[in-house]
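Student: Once you've had a glance at the structure underneath, I'll fire off some questions.
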Amino acid sequence: MNRDEKFIFTSGAKKKLFITLGIGVLLLAIGVFMLATQSDHHEGGHGHEVVREGFHAEPGHALTGDSVTEVHAQDEHLQGAHATNIEEATIDSSSSVVTDTTPAPTGEQAVMNADSDTAVSSIAAHEDNNKAAEEAVNSSETHHAEHAGPAHGPAEHEVAAHAGGHHEVHWTTRLIKDLWLNNVFFAGIALIGVFFIAFNYIAWAGWSAGIKRIPEAFGAYLPFAAGITILLLIFFHHDLFHWTHAEMYDKTSPEFDPILDAKKGYLNVPFFMIRTVVYFAIWISLWKVLRYFSIQQDLTGDVKYHFKSVVWSAVFVVTFGITESMVAWDWLMSTDPHFFSTMFGWYVFASWFVSGLALITLFVVVLKENGYLAFINENHLHDLGKFVFAFTVFWTYVWFEQFLLIYYANIPEEVGYFLQRLKTDAYTPIFFLSLVINFGFPFLGLMTRAAKRQGTILKVVCIGVIMGHWLDFYMMITPPILGQSGGLDAKFLFVEVGMTMIFASIFLFVILTALSKVGLVAKNHPMLEESEHHSVF
Amino acid sequence: MEKANNFLVGIYDDEDVLLDAVGKVKKSGVKIYECYTPFPVHGLDDAMGYNYSNLPIVGFLCGMTGTICALVMMIGMMGFDWPMDIGGRPYIPLPDFIPITFELTVLLCAFGMTISFFIVSNLNPWSTPRMFDPRSVDHKFVMAIDLADNKQDAASITTILKGSGATEVNKKSFE
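Below you can see the structure in the form of structure tokens.
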């Protein structure tokens, strides 16, 4: 084992990254051009504000008939179950909603259909006469009383989800959404790198000592992520999070939202910004501490740094557990602020963790292919493969647990999340595609022992898994921000892919630079010997 | 276990010595019956030329049995035998079936693998395990050689074992 091995960030590798960056910029430029030209004839009065209203339409609009309603008079869908448009709404959405009196549910309504609780969704019954409409108003009022607020339940979600057509979103929102998506995704992977070394320290794991520097280098991206996140939040929080609009908390405003008003103790802009800064402060400082100990151990060979690392890793893991959940609520769940799921922190963690593990594995395999890390053998790959495999299943478990509980309980606030994603033209293909890539593909690909011990298969599966989890994050962020105008259209190939290539090349550039700065092997790590002779049965 | 009665038992002090000895003894043409160690020795499987276990295949088949049993049971009961309208869901709501399917898969897989492992390892309730040397569960490493399997006589095998680092070589017979 060559303990003084150093990773050399060659100009060839740099050139490849710059080419990736260039292609990304080019694709993005084409995408932006497409977006800008196509949106020309949609402009005028159709800002994202309107979409926001449509998406979380409040009864006030329809009742008072203000300007927004008039702009969208042609879009009855948006008005949903609101009193003035109740008849149109009833007719329009009658095909998409089912009542609890339906004797035998049809295939189309297999998921998330109404039970007696979801009074508002039964507004749009099969009967489309006035009597039904009146009942609907009544039942929707009952619903208001129950929830101490206007309709926020399935009606608007249902309508929004089934509107089919696209809401007018200002085209820049899509770019901002992509920036946010990639930022969150890569920040999470960087964080998982630190988490990986931390839990390996705590577990006194020997096998991973030799590859420790790779996840350690991931943390170098955290300061960049902090900068991008804070800039995006300062400049674009109105585009990303519609709860940031002040009028939603103004009792006299027609847009007053009692649910958000009740949440404002936690969900308000200053506290949100402070939390974000605190998360990054904690993560970056703890990463710096662990990195400092690691480098000091290289220089001095003193084993006390190992013990210190164990202690600080424990600190990191505890704070990570808390901050990661809160990040999931803040950055991702609050894009749809009426929705809540207690599984969401776990779900986001699982997605990040699998992508992080897949990237670590990919790094190990590629570095080995390029002649580094000669001591890495199939036993190390086997362990990494087991990690990817196991946490793929874990992700599926968490994902499905969230889905099953929401499906089974059928509570309006929660069901809206899946209605937006599961049964819409824009997102249904991605929904199932992400399940296949994130579960079926790695599950079958890495099931056998031989596959986990083989660099090529690992590489293919890991690339698939990383792309799959990117899609998973896409599915978390896009529907609430873009409404139905997202999805796998032609522009996806340019805008989303281009933006992701830009982020990926910057991300790789940062972590490869960090990797080349210190030795590739933590040469005085006390468990290096164990790592070298690691073998699994 | 087939009828094998007379054994030579080499006792080793160290797992590394045993690991080397396995190679040497095999090289000199002696067939090793089995090694017994107080803890798993890395590399011993490879040295003795064992193939990877077929237990995962058994596990897969048992697991598939569980999956099929669970699905047939629930679809039969909920879909055909006594259909019930629960909250307006379809009579065969697959998402609702997944937890039970999963549990039954895991249950049958675990039972199947454990039972087949016991049978294959001769650990069934009606068998008496052979103890070549009681110290092999504590601090000694034991290599057993079946005399019926080998053409060489006991004396020459004893020499080979001693030469490979065994501290003592005993004869052991079973009924």
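Chain order of the listed sequences is A and B. Numbering-wise, this note's numbering puts 126 at position 126 of the first sequence, and it's gapless, one number per residue. Numbering-wise, this note's numbering puts 57 at position 57 of the second sequence, and it's gapless, one number per residue. Backbone N, C-alpha and C define an ideal beta-carbon position, used for all residues, glycine too. In this text the structure is predicted, and so the values were computed from the model without any measurement.
1. Since Arg449 (chain A) meets chain B, which of its residues come closer than 8 Å, beta carbon to beta carbon?
2. Pop quiz: His525 (chain A) and Gln297 (chain A) are said to be a contact at Cβ under 8 Å. What is the actual Cβ separation, rounded to whole angstroms?
3. Name, going along the chain, the residues of the region 399-411 of chain A whose beta-carbon falls closer than 8 Å to a beta-carbon of chain B.
4. Going along the chain, which residues of the region 103-126 of chain B sit with their C-beta nearer than 9 Å to a C-beta in chain A?
5. In chain order, what residues of the same chain lie with their CB nearer than 6 Å to the CB of Asp368 (chain A), ignoring the 5 residues before and after it?
6. Classify Phe271 (chain A) as buried or exposed, calling it buried when 16 or more other Cβ atoms lie within 10 Å of its own Cβ.
7. Which of the three DSSP states is assigned to Gly153 (chain A) in this structure?
8. Got a sec: is the Cβ-Cβ distance from Gly43 (chain B) to anything in chain A below 8 Å?
9. Let's test the definition: count the other Cβ atoms within 10 Å of the Cβ of Leu231 (chain A) and tell me whether it reaches 16, buried, or not, exposed.
10. Using 8 Å as the threshold, is the C-beta distance between Phe280 (chain A) and Leu222 (chain A) below it?
11. Can you list, in chain order, the residues of its chain whose CB lies under 7 Å from that of Val398 (chain A), leaving out five sequence neighbours each side?
12. Is Glu158 (chain A) helix, strand or coil when you go by DSSP?
13. May I ask which residues mark the beginning and end of the beta strand (DSSP E) holding Phe7 (chain B)?
14. Identify the contact partners of Ser535 (chain A) in chain B, using a Cβ-Cβ distance below 8 Å as the criterion.
15. Helix, strand or coil for Lys523 (chain A)? Go by DSSP, reduced to three states.
16. Throw me the rounded Cβ distance for the Phe391 (chain A) and Leu357 (chain A) pair, which I believe falls under 8 Å.
17. Could you check the C-alpha separation between Leu8 (chain B) and Val41 (chain B) for me, to the nearest Å?
18. Between which two residues does the alpha helix (DSSP H) harbouring Ser474 (chain A) extend?
19. Considering only residues of the same chain and omitting the five flanking positions on each side of Asp149 (chain B), which have a CB-CB separation below 6 Å?
20. Helix, strand or coil for Ile234 (chain A), going by three-state DSSP, please let me know.
21. Give the DSSP-derived three-state secondary structure of Met143 (chain B) in the structure shown.
22. According to DSSP, is Lys151 (chain B) part of a helix, a strand, or is it coil?
23. Within 10 angstroms of the Cβ of Asn438 (chain A), are there 16 or more other Cβ atoms? Answer buried if so, exposed if not.
24. Could you tell me the distance, in whole angstroms, from the CA atom of Ala73 (chain A) to the CA atom of Ile92 (chain B)?
25. Does Lys151 (chain B) pass the burial test, meaning 16 or more other C-beta atoms within 10 Å, or should it be called exposed?
26. Quick one: does Pro95 (chain B) have its CB under 8 Å from some CB of chain A?
27. Distance cutoff 8 Å, beta carbons only. Does Pro154 (chain A) sit that close to anything in chain B?
28. Here's the rule I'm using: 16 or more other beta-carbon atoms within 10 Å means buried, otherwise exposed. How should Thr229 (chain A) be labelled?
29. Between Lys263 (chain A) and Val169 (chain A), what straight-line distance do the alpha-carbon atoms span, to the nearest angstrom?
Tutor: Short version:
1. Tyr52, Pro56
2. 7 Å
3. Phe400, Phe403, Leu404, Tyr407, Tyr408, Asn410
4. none
5. At residue 368 (chain A) the sequence reads Lys, which differs from the Asp that was named. Contacts found: Ile376.
6. exposed
7. Low confidence applies to Gly153 (chain A): its pLDDT is 41, below 50, so where it sits in the model is not reliable, and the reading given next is rough at best. Residue state, collapsed to three classes: coil.
8. yes
9. exposed
10. yes
11. Met343, Trp346, Tyr347, Ala350
12. Bear in mind that the predicted position of Glu158 (chain A) carries a pLDDT of just 41, short of 50, making it unreliable; the figure below should be weighed with that in mind. The answer is helix: DSSP assigns Glu158 (chain A) an H, G or I state.
13. 6-12
14. His42, Gly43
15. coil
16. 6 Å
17. 21 Å
18. The residue you asked about is not Ser; residue 474 (chain A) is Tyr in the sequence shown. Note, Tyr474 (chain A): alpha helix (DSSP H), 455-482.
19. Lys31
20. helix
21. strand
22. coil
23. buried
24. Residue placement at Ala73 (chain A) cannot be trusted, given a pLDDT of 37 that sits under 50; the coordinates are not used to answer.
25. exposed
26. yes
27. In this prediction, Pro154 (chain A) scores a pLDDT of 42, lower than 50, which makes its location untrustworthy; the coordinate-derived value is nonetheless stated afterwards. Not one chain B Cβ lies under 8 Å of Pro154 (chain A).
28. buried
29. 26 Å
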